Amino acid sequence: MPDVTSRLVADPVGDPAATAPDARRLAGLDELVSRCVACPRLVAWREEVAQVRRAAFRDEEYWGRPVPGFGPEDAAIGIVGLAPAAHGGNRTGRIFTGDRSGDVLFRALYDVGLASQPEARHRDDGLTLHRTRITAPVHCAPPANKPTPTERDTCRPWLVRELALLRPTLRSVVVLGAFGWQALMPVLEQTAWQLPRPRPKFGHDAHVELPAADGGAPLHLLGCYHVSQQNTFTGKLTPAMLRGVLEHARALAGV
Ligand code: SF4
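Just so we're aligned, residue 1 is where the sequence shown starts under UniProt numbering, counting upward by one.
(1) The alpha helix (DSSP H) with H248 in it runs from where to where?
(2) Work out the CA separation of T169 and R54 for me, nearest whole Å.
(3) Please say whether V138 and E119 have beta carbons closer to each other than 9 angstroms?
(4) Mark P142 as exposed unless 16 or more other C-beta atoms lie within 10 angstroms of its C-beta, in which case mark it buried.
(5) Taking Cβ to Cβ, would you say G128 is nearer than 9 angstroms to A115?
(6) Among residues of its own chain, excluding the 5 on either side of T154, which ones have a beta-carbon nearer than 6 angstroms to its beta-carbon?
(7) If you count every other CB in all the chains shown that lies within 10 Å of the CB of D214, and 16 or more means buried, which is it?
(8) State the DSSP-derived secondary structure class of S34, mapped to helix, strand or coil.
(9) DSSP three-state label for V187, please.
(10) Could you name the residues that DSSP lists as bridge partners for E209?
(11) I'd like to know whether the C-beta atoms of L165 and L184 end up nearer to each other than 9 angstroms.
(12) The alpha helix (DSSP H) spanning V104 covers which residue range?
(13) Within a Cβ cutoff of 6 angstroms, which residues of the same chain sit near L219, ignoring the five residues on either side of it in sequence?
(14) Thinking C-beta only, is L221 closer than 9 angstroms to L188?
(15) Considering just the uninterrupted stretch of the alpha helix (DSSP H) at R131, what are its terminal residues?
(16) Do you know offhand how far H204's Cα is from V245's?
(17) Report, in whole angstroms, the separation of the C-beta atoms of D161 and G71, which I expect to be a contact under 8 angstroms.
(18) If you measure from the CB of E31, is any heavy atom of the ligand SF4 nearer than 8 angstroms?
(19) Out of T232, A56, G254, A253, point me to the one whose CA is closest to A108's CA.
(20) Give the straight-line distance between the Cα atoms of A44 and P186, rounded to the nearest whole angstrom.
(21) Is W45 near the ligand SF4, going by C-beta to nearest heavy atom under 8 angstroms?
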C-alpha cells in the first residue's frame, strides 16, 4: 500500500483487502473503514476540503475521513449510492447527511416508513433507519464526484464485507445511479449471489432477482436514478418516483 500521510487519521488500518475480512460485526467494520488511507488522492482531497471548508460551514469541524455505511445490522433493504459528498458526508461523518441529495433521500425514506425523521443534519441528530442500511462503493469524497477505477476497486473489499455481514437478512438493494450499479456487480458476485450474463443493465425501475450462490435467499436488485440535484432539480427523479422504488424494495424485502 502507498505510504500516505493523514492529518486526521492517527491510527490508519492497512490494505482493505487484508483488513475488511477481519470485521465480525458491522460496527467494527464501520470503525475500520473510518481509519482507511488506502487511496492517496482521496485522502488528500477529503482533508483539503475539511481544511478549506465552504463559507456556510466555516465554523464547523469537518469529518474529513472515510464515511462508513449507516443503518442497523438486521437491514433487509440496502441502498447503494456513489460516494460521500465533499460538504455533506465528508463534513458530517454520516452518509448523505447534510447535503441536498440526502434531504431528498431521507424525506422519501421517512415518507415510506423506513426513517425515523425526514431530515438528516448531523451525526447526532437522533435519526435511525428501520431495517435499512445506506452505503456506497467508495467511502471517501472524490474530486468532482468521480472516483477513479483504481479507487473504486481499492474500496471494494469494504463493501464486500458489509454485504457479507448483512447477508442473513438482506433481501433487496436499491442502487442509486449507474456508477453504483456497475460498481456493485463484482461485489455481489464476491458475496453470495449469481449474476446473469450479460450483466443486467442499469435503468430507473430496473428490477432483477439474483439467485443465491450459497443456498440462501435471493436478492432483488432495483435501479433508481441518483438523488443528485442534477436529477431532482430537473424533475428527472421526482419524490414520487423515489418513493415508488423504495416501496417496491420494501415489499420485496417483506418489511
Ligand atoms: S475510498 Fe475506500 S479504500 Fe480509498 S481511502 Fe477511502 S475508504 Fe479507503
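Don't be surprised by glycine CBs; every beta carbon is placed ideally from N, CA and C.
Since the structure is predicted, the reported quantities are computational estimates derived from the model, not experimental observations.
The answer reads as follows:
(1) 239-253
(2) 39 angstroms
(3) The Cβ atoms of E119 and V138 lie no closer than 9 angstroms to each other.
(4) buried
(5) According to the sequence shown, residue 128 is Thr rather than Gly. Yes, these two residues count as a Cβ contact at 9 angstroms.
(6) A38, C39
(7) exposed
(8) coil
(9) In the structure shown, V187 adopts helical secondary structure according to DSSP, grouped into three states.
(10) H220
(11) no
(12) 100-111
(13) W193, L210
(14) yes
(15) It is not in any alpha helix (DSSP H) - R131 carries neither H nor E in the DSSP assignment.
(16) 9 angstroms
(17) With the sequence shown as reference, residue 161 is identified as Arg, and Asp is not the correct amino acid for it. Between G71 and R161 the Cβ distance is about 15 angstroms, and since that is not below 8 angstroms, they are no contact.
(18) no
(19) T232
(20) C-alpha separation (whole angstroms): 27 angstroms.
(21) No, since every heavy atom of the ligand SF4 falls outside the 8 angstroms radius drawn around the Cβ of W45.
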